[in-house]
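Numbering (the numbering used here), first residue to last: 285 to 1320.
Below is one structure, written out as structure tokens; comments come after it.
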Amino acid sequence: MATQQQAEGLKEQLAQSIEAQGRKVRQLKTDKADKTEIDQEVRNLLSLKKELALLEGADPARKSSKAEKASFTLKTAKARGTKDYNDKDMAIREKVFSTITKVFKKHGAVTIDTPVFELKEILAGKYGEDSKLIYDLADQGGEECSLRYDLTVPFARFLAMNGKEYQNIKRYHIAKVYRRDQPAMTKGRMREFYQCDFDIAGSYDSMIPDSEILRILVEALTNLDVGKFTIKLNHRKILDGIFQVCGVPEDNIRPISSAVDKLDKLPWADVKKEMVEEKGLAVNSADKIGEYVKHKGGRDLLEKLKQDEVLMANTSAAEGIKDMETLFDYLEVFEVLDKMSFDLSLARGLDYYTGIIYEAVTEKSAPPKLGEGVAPKKNENGELDESTVGVGSIAAGGRYDNLVGMFSGKNKKGQPNLQIPCVGVSIGVERVFSILMSKQKTEEIKSNETEVFVISVGDGLLKERMAIAKTLWDAGVKASYMFKNKPRLDKQFDICEKEMIPLAIIIGKDELEKGEVRIKDMRSKNEAQGGGVIIKHEAMIEEVKSRLEQIMKPPSLSRPLKQFYFNLMPFESRRFSLFSSFSCHLHPSGNFTQIKMIDSIPTVALNGQTASHYPHTTEDPLVNNPELLEEMKAINDVDPKDKQVPAAIIIDKEEPNKIDMDNQDESNQVEECQNLQHGSANEADTDSVDEEKPQVIIDDTLCKTAPKSLTINHAPATTATTTTTAKGALDISPIVSPISVQKEAEEESDTDDELLRITEANRFIPANPEPAQSTQQQNRSHSKSLRSQSMSTRRQLLVFADKPTVTKKTDRIIVSNHYGAGPQGTLDSDFKPSRKSRSYLVACDFSDESFHAMEWTMGTMMRDGDKLYIVTAVNREDNPDAVREAGLSLSKELKKASDIVTEEAKKTLGQMLLFDVELITYAICGRVKDILFNLIDELQLTMVVCGSRGRGTVKGLLMGSISTYLVHKSPVPVTVIRPQKKKKAAHKRPIHAVPLSQSVQSGQLAVDEVSKVASSTASSDKKTTALTATTATDKK
285 MATQQQAEGL
295 KEQLAQSIEA
305 QGRKVRQLKT
315 DKADKTEIDQ
325 EVRNLLSLKK
335 ELALLEGADP
345 ARKSSKAEKA
355 SFTLKTAKAR
365 GTKDYNDKDM
375 AIREKVFSTI
385 TKVFKKHGAV
395 TIDTPVFELK
405 EILAGKYGED
415 SKLIYDLADQ
425 GGEECSLRYD
435 LTVPFARFLA
445 MNGKEYQNIK
455 RYHIAKVYRR
465 DQPAMTKGRM
475 REFYQCDFDI
485 AGSYDSMIPD
495 SEILRILVEA
505 LTNLDVGKFT
515 IKLNHRKILD
525 GIFQVCGVPE
535 DNIRPISSAV
545 DKLDKLPWAD
555 VKKEMVEEKG
565 LAVNSADKIG
575 EYVKHKGGRD
585 LLEKLKQDEV
595 LMANTSAAEG
605 IKDMETLFDY
615 LEVFEVLDKM
625 SFDLSLARGL
635 DYYTGIIYEA
645 VTEKSAPPKL
655 GEGVAPKKNE
665 NGELDESTVG
675 VGSIAAGGRY
685 DNLVGMFSGK
695 NKKGQPNLQI
705 PCVGVSIGVE
715 RVFSILMSKQ
725 KTEEIKSNET
735 EVFVISVGDG
745 LLKERMAIAK
755 TLWDAGVKAS
765 YMFKNKPRLD
775 KQFDICEKEM
785 IPLAIIIGKD
795 ELEKGEVRIK
805 DMRSKNEAQG
815 GGVIIKHEAM
825 IEEVKSRLEQ
835 IMKPPSLSRP
845 LKQFYFNLMP
855 FESRRFSLFS
865 SFSCHLHPSG
875 NFTQIKMIDS
885 IPTVALNGQT
895 ASHYPHTTED
905 PLVNNPELLE
915 EMKAINDVDP
925 KDKQVPAAII
935 IDKEEPNKID
945 MDNQDESNQV
955 EECQNLQHGS
965 ANEADTDSVD
975 EEKPQVIIDD
985 TLCKTAPKSL
995 TINHAPATTA
1005 TTTTTAKGAL
1015 DISPIVSPIS
1025 VQKEAEEESD
1035 TDDELLRITE
1045 ANRFIPANPE
1055 PAQSTQQQNR
1065 SHSKSLRSQS
1075 MSTRRQLLVF
1085 ADKPTVTKKT
1095 DRIIVSNHYG
1105 AGPQGTLDSD
1115 FKPSRKSRSY
1125 LVACDFSDES
1135 FHAMEWTMGT
1145 MMRDGDKLYI
1155 VTAVNREDNP
1165 DAVREAGLSL
1175 SKELKKASDI
1185 VTEEAKKTLG
1195 QMLLFDVELI
1205 TYAICGRVKD
1215 ILFNLIDELQ
1225 LTMVVCGSRG
1235 RGTVKGLLMG
1245 SISTYLVHKS
1255 PVPVTVIRPQ
1265 KKKKAAHKRP
1275 IHAVPLSQSV
1285 QSGQLAVDEV
1295 SKVASSTASS
1305 DKKTTALTAT
1315 TATDKK
């Protein structure tokens, strides 16, 4: 009894001690006491708890009670610092591995593999202070082993054992490594992770392999699209020389180097404190080191170091500076020097580096500034809180000439038996993966490669589905089907949508009896409604492969403009237009080209190779060509006979109708052109237009300037416009007829009617040789004196200067053209605009929306003397396979993009009545956001203009997310141009286009002069409407 009372008293004392000890630990953590002190008190607390547990375990009554409650719950968890990857994660990881491997193989590397664990003695002493992070394994049969810390040391051991066979080798290795680090999962810092290593081993001339390694790193990170990145460079010999001239003892250089290496996480004040208080370095030596490591730059820093007599007197530093000078020359040849930053704070704590060292960092992983006095936050245990630090370096490496010799043994002279110099780089896949995942929407990731899904209607038809899948597999097509005897049709379609399978083969009893199948493009709404296209069973494989080839075909790097002739009519009031914006893709048959027009009005252009198969008549060619009719139905997803869908057939240029004007003077040419007109630009009445015949409206100004041999290509439509194309041809294409506009007006668009685009204010379309001046008040932004000149004088000025300025750099091409100042590009001082010049920037990705924005800016916002910057991004990841297969260099891609955007911008600007304006086009390689914001910072802009949606970094340049990001982040006003809103018609009667007003004809109509006009007179019951443009900037 007394013993039991003593036990109870002892337990009570222990409980009180545990409570007091717990309060003490919590107080120490609150006060952020030293970690060692906290750890000691925590151990004391655990010891008390253990003692209490043992005492309670000796209590028979308590033990019996526990036995009665012998139930427990198994806790399922992962080891700390590890991660499971789902199917979508693995899809991105496989893409990362594939991208990196292609770059490595392109540079001639072979792959080798080494064991996941090594003898402990192999890894020990190679990683400096980081050796404590090595995972040691329990003793197995007398061998002490450790999990590999990286892939470099095992490779050096491999060379030491097989050096005679591998004196020179380019090697890559992708495998997992293990580190007992403090994990930060969201930042890609884990205890088990992949590394992708590329190494060049062998004796070569100085800096040649080093420069190729850096070129490989730039290629890999660019193709991975990790965003804006910088590769920091330094040289171990320069760093050692700095330490020596600053008075660091020889035996303390490596510890001091490890401290400097922490500058990517800690401010200089903390690093200096560590060097002085923990490493025992003198304060004045630390201050001298601080003066050096704060410098970064390029060749300028190299020249500055060469002027440092004290440093150049050090042999080690002088050798390192000479190496860096050679390296810069080679990097300039490889066109990657702009990605480098010579950073004296880079140290790399690993002991085996002997020469150049480097790290790649993204803009989100920039280290704290050296001058900051506040360090990153620490957690409750007093350790650095990794969540407050960026991803850090995403790749790192350097030269290690002596590492192989450490494993090869020594000869009688004490020298290594084998010494193979090496240089390499290691890419941290997990950190790259974390960056890509933060940019990628999970729902947009296709994790499987299934191309075709076999669907049955009605009875299950399981064996038939299996047979079709087997046929597809034999043909090399990736196919699947639902593993149910009688699957529901909607469930099968759900699988196609969820797994983003592009094609479906649909079978039913009726189709099987006729030997047919339905092939349905799951991306097409029209086919979804109609059930697909019926074809014979024996033609299934050929049709599937043809469709898949077009679906999987990467976007073209440039557009073959010569094949496409058409006109674009964005809204009713426009009667004339020159070459305008479009996007296109080839039909699977290869016979047609689909032209996607504004307002979703499809226009089909016949390809020149097959155009001769169809007769050229003034009648609708669809009537007498059922094959063409069916083909157009498949392309447009609509019936071309529908009046709401005017189709333009452009006949082969080799067999068109021709009008020979060789023996006619200019006046006769104009007369001949005007005789072709079925309507007049000055006539508002369109009721008399014959809808059964092609209408041709030719501007007399264009006729005057047309070549003597004129080719007229007719296109059936209710109204048509002229388009200047190749030399010797004038193509006629359709526009939206008033009737079709009225029918389409009954359907609401998904855009805001407050953003209607008006681009006629600056358009140069004179109706008469000498137009009368508008009686309305002139816009003060335009040059009055120029607009009062004769038409001939104005026409002489409204041309581009003869000599554009072209600037070529490694990552961009800039072309500057002067317009509206004559061939010389200069105006007399009397004609110079008095108002201050304004600058506009338009983002262009060759989509309809971006060309809308460009044309709107030129036609609405610009005034005499303004500047217009058109920028397009050349992102190699948009189409990496096509670039590699074609063997195109970066300069070729930039030139193609620059030529296209310059040509399109000049065509549009050439229509405008603007004087002394400058057109500057940029073609730049890089991320869209980086390019735009760099230019916004660099240029003094008045406004940025972009389309509401484009094609993204995978499909093009601008997405809705880019325009939204600009609106919220841009320091200058941003205008987002959206398609026109079509309102419901008040009365179901034809809506007629307003004739060009006198002010528009003379080019003097200002934006603020356009207003909504509705009038009705007794003499005419026609209703006229003018559209008013309102931008987001106007709202603000």
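Glycine included, each C-beta is placed from N, C-alpha and C at the ideal position.
One or two residues paired with residue i in a DSSP bridge
{"i": "residue 640", "result": "519"}
{"i": "residue 801", "result": "819"}
{"i": "residue 646", "result": "513"}
{"i": "residue 1101", "result": "1203"}
{"i": "residue 624", "result": "515"}
{"i": "residue 420", "result": "430"}
{"i": "residue 694", "result": "700"}
{"i": "residue 1092", "result": "1097"}
Residue interval of the beta strand (DSSP E) (run including residue i)
{"i": "residue 1153", "result": "1151-1158"}
{"i": "residue 614", "result": "No beta strand (DSSP E) holds residue 614; the alpha helix (DSSP H) holding it covers 599-617."}
{"i": "residue 678", "result": "677-683"}
{"i": "residue 1212", "result": "Run containing residue 1212: none in the beta strand (DSSP E); it sits in the alpha helix (DSSP H), 1212-1222."}
{"i": "residue 455", "result": "453-462"}
{"i": "residue 1126", "result": "1123-1127"}
{"i": "residue 553", "result": "Element bounds for residue 553: not the beta strand (DSSP E) but the alpha helix (DSSP H), 552-557."}
{"i": "residue 765", "result": "763-765"}
Contact set for residue i: own chain, Cβ-Cβ below 8 Å, skip 5 residues either direction
{"i": "residue 298", "result": "332, 335, 336, 339"}
{"i": "residue 500", "result": "387, 388, 391, 482, 709"}
{"i": "residue 519", "result": "604, 605, 607, 608, 639, 640, 641"}
{"i": "residue 590", "result": "596, 605"}
Expected contact under 8 Å - CB spacing of residue i and residue j to nearest Å
{"i": "residue 582", "j": "residue 624", "result": "7 Å"}
{"i": "residue 708", "j": "residue 483", "result": "3 Å"}
{"i": "residue 306", "j": "residue 330", "result": "With a Cβ gap of about 11 Å, residue 306 and residue 330 do not count as contacting."}
{"i": "residue 401", "j": "residue 443", "result": "Contact flag wrong, Cβ pair sits at about 19 Å."}
{"i": "residue 527", "j": "residue 540", "result": "6 Å"}
{"i": "residue 704", "j": "residue 447", "result": "6 Å"}
{"i": "residue 748", "j": "residue 796", "result": "6 Å"}
{"i": "residue 1334", "j": "residue 737", "result": "In this structure the chain extends from 285 to 1320, so residue 1334 is not present and cannot be described."}
Contacts around residue i, its chain only, beta-carbon distance under 6 Å, and the 5 residues preceding and following it disregarded
{"i": "residue 1111", "result": "1105, 1200"}
{"i": "residue 1122", "result": "1150, 1226"}
{"i": "residue 521", "result": "600, 603, 604"}
{"i": "residue 294", "result": "none"}
{"i": "residue 1091", "result": "1098"}
{"i": "residue 706", "result": "483, 485, 684"}
Boundaries of the alpha helix (DSSP H) in which residue i is found, first to last residue
{"i": "residue 370", "result": "Note, residue 370: premise wrong, no alpha helix (DSSP H); not H, not E."}
{"i": "residue 231", "result": "Residue coverage of the chain in this structure runs from 285 to 1320, which leaves residue 231 outside it and unanswerable."}
{"i": "residue 478", "result": "Residue 478 -> not in any alpha helix (DSSP H); beta strand (DSSP E) instead, spanning 476-485."}
{"i": "residue 750", "result": "746-758"}
{"i": "residue 501", "result": "492-508"}
{"i": "residue 777", "result": "773-782"}
{"i": "residue 585", "result": "583-590"}
{"i": "residue 1227", "result": "That residue, residue 1227, is in no alpha helix (DSSP H); its beta strand (DSSP E) goes 1227-1231."}
Own chain residues within Cβ distance below 7 Å of residue i, not counting five before or after
{"i": "residue 546", "result": "555"}
{"i": "residue 793", "result": "742, 743"}
{"i": "residue 1109", "result": "1085, 1102"}
{"i": "residue 570", "result": "556, 559, 560"}
Cβ of residue i within 9 Å of any chain D Cβ
{"i": "residue 377", "result": "In the structure shown, chain D cannot be found, because there is only a single protein chain."}
- Query: Is the segment 689-696 touching the segment 451-469, taking contact as three or more C-beta pairs under 8 Å?
  - Reply: no
- Would you be able to state if there are at least three C-beta pairs under 8 Å between the segment 1180-1192 and the segment 1214-1229? no
- Query: So does the segment 502-520 actually touch the segment 383-390, counting three or more Cβ pairs closer than 8 Å?
  - Reply: yes
- Query: Using 8 Å as the Cβ pair cut-off and three pairs as the minimum, do the segment 755-774 and the segment 713-721 touch?
  - Reply: no
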